[in-house]
Amino acid sequence: MPNTITTDYLNTTSFKPNLFQDKVVLVTGGAGTICRVQTEAMVILGCKAAIMGRDVEKTDEIAKEIGLLYPDQGFSDPVIGLGGIDVRKVDKIKEGVSKCIKHFGRLDFLICGAAGNFICSVPHLSPNAFNSVISIDLIGSFNTVKACLPYLKQSKGSILFVSATLHFQGTPFQSHVGAAKAGIDALSNSLAVELGPWGIKSNCLAPGAIGNTEGFKRLMKPEYLANASERVPLQRLGTTRDIADTTVYIFSPEASYISGTVITVDGGLRHIGNIF
Ligand code: HXC
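Under our numbering, the first residue of the sequence shown is numbered 552, with each subsequent residue one higher.
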């Protein structure tokens, strides 16, 4: 399964074309594998998008590539890159969000996907290393929500955090990420309750073992690779398309009563343990 989706999505999905016409999504980490595919599906279905990332060139390049999927090629720059932004820097995020609003005039959806990760045992994990991951994944998500809040309030928007299943059990060598993602789940629940009266929804998407992604490559033990699929109750690894489809659903009107939920997309794996 390739790590990008194409306009063929329109022929194979049951979501209707132009589902997200006139809507705008802002994505942090949009240049990474999972968030890129989430953005692609949204754009194919008519959503305009702003992608925030640390690397200017990479962010711009991927924004251009995803922009080619936008159905109305008469609209110039349906996907913009907001490069040079580290989610740990509040002022930079605010600048990026302002650019998004200046360009598109509104913001409906937010995907908080910016993340940092590496495998490390607790004895080797320095306080600064732990702090770095918490700062990017958890505090960075909070910073982004704060900067977007006035615009999400106007549009009665929807927030989706890219979480994980690592913290459902204790996953070794992932104490830093497990702690960050557990915090994200808790943050999302509080936002759902506090912001619900404004019409804003907040949810988490927790991908399981999604094949052919950076996370999978880094986390998967080589000895498990051969029979990885068989370990999943549904007998296959997840695909980035599975994540994209769930993302489209959660932002669709059909999910309008879903808030404060962690939607786990893992083929049932969490109930028997962790593939990693
Ligand atoms: C142990 C490490 C380390 C490693 C960095 N550190 N890499 N410790 N093992 N492999 C420590 C450093 O020594 C330093 O601590 C501290 O972390 C901060 O490192 P910096 O490089 O100064 O920080 P920064 O530039 O901010 O980098 C943040 C990062 C980095 C999280 C450490 O890996 C990063 O930016 N990653 C972004 C891309 C990424 O990882 N994406 C993954 C997405 S996939 P000291 O004490 O020395 O100062 C994903 C799915 C799951 O998230 C993936 C599963 C693995």
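All C-beta atoms in this analysis are idealised placements derived from N, C-alpha and C, irrespective of residue type, glycine included.
These numbers were taken from a predicted model, which means no experiment stands behind them.
Query                                                                                                           : Result
Residue-chain proximity (G750, chain C), Cβ-Cβ < 8 angstroms                                                    : The structure shown contains no chain C; it is built from a single protein chain.
Which listed residue (A731, I826, G708, K707) has its alpha carbon closest to that of F693                      : A731
Three-state class that DSSP yields for V799 in the structure shown                                              : helix
Opening and closing residue of the alpha helix (DSSP H) in which P701 lies                                      : 691-706
Alpha-carbon spacing of D793 relative to A777, whole angstroms                                                  : 22 angstroms
Heavy atom of ligand 1 within 7 angstroms of T769 beta-carbon                                                   : Before going further, note that residue 769 is Arg rather than Thr in the sequence given. Yes, the beta carbon of R769 sits closer than 7 angstroms to at least one heavy atom of ligand 1.
Validate contact between the region 734-745 and the region 762-770 using beta carbons, cut 8 angstroms, 3 pairs : no
Which listed residue (G789, P723, L746) has its alpha carbon closest to that of C699                            : L746
G667 and D637 closer than 8 angstroms at C-beta                                                                 : no
Buried versus exposed, by CB contacts within 10 Å (16 or more), N562                                            : exposed
Sufficient close CB pairs (3 or more, under 8 angstroms) joining the region 563-580 to the region 592-610       : yes
Endpoints, the beta strand (DSSP E) within which G529 is located                                                : It is not possible to answer for residue 529, since the shown part of the chain is limited to 552 through 827.
Under 8 angstroms between C-beta atoms of T791 and I761                                                         : yes
Test item: CB-CB of G708 and F655 under 8 angstroms                                                             : no
Expected contact under 8 angstroms - CB spacing of T695 and I644 to nearest Å                                   : 6 angstroms
Rounded C-alpha distance that separates T557 from G618                                                          : 11 angstroms
K772, DSSP secondary structure in three states                                                                  : coil
Own chain, CB closer than 6 angstroms to S726, minus 5 neighbours either side, in chain order                   : V673
C-alpha distance - A601 paired with V588, whole-angstrom precision                                              : 14 angstroms
Option in E612, F724, V578, G691 with minimal Cα separation from I735                                           : G691
W749 versus V648: straight-line alpha-carbon distance, rounded                                                  : 20 angstroms
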